[in-house]
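Everything in the sequence shown is counted per my numbering, starting at 20 for the first residue and increasing by one.
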Amino acid sequence: GNIWASSEIGIFRIDIEDFSRLRRGEIDRINYVQYTSEDGLPTEILESGTNAPLSRIHTGEILFASSQGTIVLNPEEVSISTESFFPYINEFIVDEQKLSLVSSRELTPKDKKIEISFSALNIKSPKKTKFRIRLEGIDDEWIYVGERTSAFYDYLPDGKYSFHVSAIGPDGQWSDKTASISFTVLPPFYKTWWFMSLGLLGFIAIGAGGVQIKSNIKVRKLNREFAYQQKFHEEKERISRDLHDNVGSQITNLITGIEISNIHIEKGQQQEAGMVLKNLDEDARNAMTDLRETIWLLDKEEVYFWDFEKHLRSYIRRQKKYFLGANVLIEINVETNFILAPSQSLNLMRIIQEALNNARKYAEANRIEISIYMEGTSLNVTVADNGKGMHLDQELEKGNGLKNMEFRSKEIDADFKIDSKIEKGTTISLKLQPKLENLP
């Protein structure tokens, strides 16, 4: 079966079996198929979130609410193509000079910047073509690059390399067809056989001095390689951690809940099964919300604050139905637009979500105030509630997301502070330094 969901950028379909595949380790991410106006939708602006009108009628058709009226979708009539897109290598460029795609490619140590461009033939929906790449000799696993159609490499060490690119099909599955191109980076002169022979003679002649020079060259080279790999590893780890923490755990809860409800059904315990399935509703909606937010934030190279504000207000409107008896207020006083890095946007959103979740589940607050304002060149964020408060030392041991908020603050170099008093409430404060930039 499939999960169908509406959003402000179209309709999404997710194969339910992918959740089990992810749990078994057969795949490393949940794939999805997006349907937009290119697929026949009259509009891509649909009602979304937990309050979105959505129903399934007796014919099996699903009704979606949009800005142009009701959209009727019959899942049985939706064409799910199994066509595989064959990727192609378009250009191999070294220091702004195009090299042949047919003859052998040997690069000298002086060649610094390598660019490989690629594409895949997708006449029907070219904007939906997404890629993953892998450079044998550097990458142990495939790297997802989305709609990007070029790969860049700087200062590769000498050796033989093979670049591979794969495209994702309209069914959301990776094609087994790949395009490849091989090349060799020649060693510097000091690694050739003739220089090594002279080097041996020189070592005998001048002793340790020659060894020290060669050692220094190698150390600098290794340091450059390590810095490049470390930066790439940290970015990949950050994305994986966020998907695992926020979406992976919710998906695990869904799978476990479905298994428990099946046990109740097999035992004829219909009431118990109904209660379990009812409790799964919030987890399913939260998983879709977190997945949508992660895609929105991580697909951007930079996020303007006013776009972030719009997204935050939309999230709070969708979540208010869960704050029974509590008044959630948000006040934003930022007159100058500026840029947030994707990591700042993502972690800032997660910290606010965690603070709201704690106020709702544990603090029993009836008033929650979110305040965002500029103080000099610093962005200040506070989430304050009038709940029952807590003993910080004890709660830090228990968890409740406090350590996770503190960790996310450190990840974006933000000052983080918690102030809580019993029966008087809790205030979470955050101060970070964005990149100020006026819009034209």
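Backbone N, C-alpha and C fix where the C-beta goes; we use that ideal spot for every residue, glycine too.
Measure the C-alpha to C-alpha separation of residue i and residue j and round it to an integer number of angstroms.
i: residue 92; j: residue 445; result: 46 Å
i: residue 51; j: residue 31; result: 7 Å
i: residue 251; j: residue 340; result: Per-residue confidence for residue 251 stands at a pLDDT of 46, beneath the threshold of 50, marking its modelled position as unreliable; no derived number is given.
i: residue 404; j: residue 87; result: 39 Å
i: residue 165; j: residue 186; result: 9 Å
i: residue 410; j: residue 239; result: 50 Å
i: residue 6; j: residue 42; result: Since the first and last residues shown for the chain are 20 and 459, residue 6 lies out of range.
i: residue 393; j: residue 303; result: 36 Å
i: residue 137; j: residue 110; result: 7 Å
i: residue 21; j: residue 436; result: 43 Å
i: residue 373; j: residue 208; result: 56 Å
i: residue 81; j: residue 74; result: 6 Å
i: residue 336; j: residue 172; result: 44 Å
i: residue 349; j: residue 386; result: 11 Å
i: residue 400; j: residue 343; result: 24 Å
i: residue 23; j: residue 115; result: 45 Å
i: residue 247; j: residue 326; result: Interpretation of residue 247 is limited by its pLDDT of 49, a score under 50 that renders its predicted location unreliable; no figure is taken from the coordinates.
i: residue 174; j: residue 354; result: 43 Å
i: residue 130; j: residue 113; result: 7 Å
i: residue 375; j: residue 402; result: 8 Å
i: residue 57; j: residue 149; result: 16 Å
i: residue 347; j: residue 333; result: 13 Å
i: residue 36; j: residue 274; result: 10 Å
i: residue 306; j: residue 168; result: 30 Å
i: residue 314; j: residue 151; result: 16 Å
i: residue 389; j: residue 134; result: 46 Å
i: residue 429; j: residue 329; result: 25 Å
i: residue 441; j: residue 395; result: 32 Å
i: residue 163; j: residue 170; result: 11 Å
i: residue 241; j: residue 176; result: 9 Å
i: residue 158; j: residue 121; result: 24 Å
Ignore the nearest five residues each way along the sequence and tell me which others in residue i's own chain have a CB closer than 6 Å to its CB.
i: residue 153; result: 161 and 183
i: residue 132; result: 114 and 173
i: residue 156; result: 178 and 180
i: residue 124; result: 118 and 202
Considering just the uninterrupted stretch of the beta strand (DSSP E) at residue i, what are its terminal residues?
i: residue 193; result: 193-204
i: residue 170; result: 169-173
i: residue 370; result: Element bounds for residue 370: not the beta strand (DSSP E) but the alpha helix (DSSP H), 361-377.
i: residue 393; result: 386-394
i: residue 348; result: 346-352
i: residue 43; result: Segment 36-43 is the alpha helix (DSSP H) holding residue 43; no beta strand (DSSP E) there.
i: residue 134; result: 132-139
i: residue 176; result: No beta strand (DSSP E) holds residue 176; DSSP gives it neither H nor E.
i: residue 94; result: Unbroken run through residue 94: none, as it is neither H nor E.
i: residue 151; result: 149-155
i: residue 116; result: 116-118
i: residue 397; result: 397-404
i: residue 26; result: 21-26
i: residue 75; result: 73-75
i: residue 65; result: Where residue 65 is concerned, there is no enclosing beta strand (DSSP E), given that its DSSP letter is neither H nor E.
i: residue 106; result: 106-113
i: residue 440; result: 434-440
i: residue 51; result: Here residue 51 belongs to no beta strand (DSSP E), and DSSP marks it neither H nor E.
i: residue 450; result: 444-451
i: residue 82; result: 81-85
i: residue 163; result: 162-165
Just to confirm my understanding: we take residue i, look at its own chain, exclude 5 residues before and 5 after, and list those with CB closer than 8 Å. What are they?
i: residue 459; result: A caution first: residue 459 carries a pLDDT of 45, below 50, which makes its placement in the model too unreliable to give a value.
i: residue 431; result: 360, 362, 363, 366, 367 and 451
i: residue 397; result: 450, 451 and 452
i: residue 77; result: none
i: residue 95; result: 79
i: residue 236; result: 209
May I ask which residues mark the beginning and end of the alpha helix (DSSP H) holding residue i?
i: residue 334; result: 324-338
i: residue 421; result: 421-430
For residue i, which residues from the same chain have a beta carbon less than 7 Å from its beta carbon, with the 5 sequence-adjacent residues on both sides left out?
i: residue 454; result: 357 and 358
i: residue 427; result: 366, 369 and 370
i: residue 291; result: 283
i: residue 439; result: 408, 409, 411 and 445
i: residue 384; result: 345, 378, 404, 405, 406 and 444
i: residue 11; result: With the chain covering only 20 through 459, there is no way to say anything about residue 11.
i: residue 199; result: 181, 182 and 183
Less than 8 Å between the CB atoms is what I'm expecting for residue i and residue j, so what's the real figure, rounded?
i: residue 39; j: residue 65; result: That belief does not hold up - the Cβ atoms of residue 39 and residue 65 are roughly 28 Å apart, past 8 Å.
i: residue 203; j: residue 310; result: Not quite, the Cβ-Cβ distance comes to about 42 Å (not below 8 Å), so this is no contact.
i: residue 379; j: residue 433; result: No, residue 379 and residue 433 are not in contact; Cβ-Cβ is about 23 Å, not under 8 Å.
i: residue 382; j: residue 420; result: Not really, about 12 Å apart at Cβ, beyond 8 Å.
i: residue 46; j: residue 33; result: So it is not a contact: roughly 12 Å between Cβ atoms.
i: residue 90; j: residue 61; result: 7 Å
Is any heavy atom of the ligand MG found at a distance shorter than 8 Å from the C-beta of residue i?
i: residue 113; result: In the structure on display, the ligand MG does not appear, and there are no ligands present to speak of.
The stretch 280-291 / the stretch 318-335 touching (three or more Cβ pairs under 8 Å): no
Meets three-Cβ-pair contact criterion under 8 Å: the stretch 173-180 and the stretch 192-199: no
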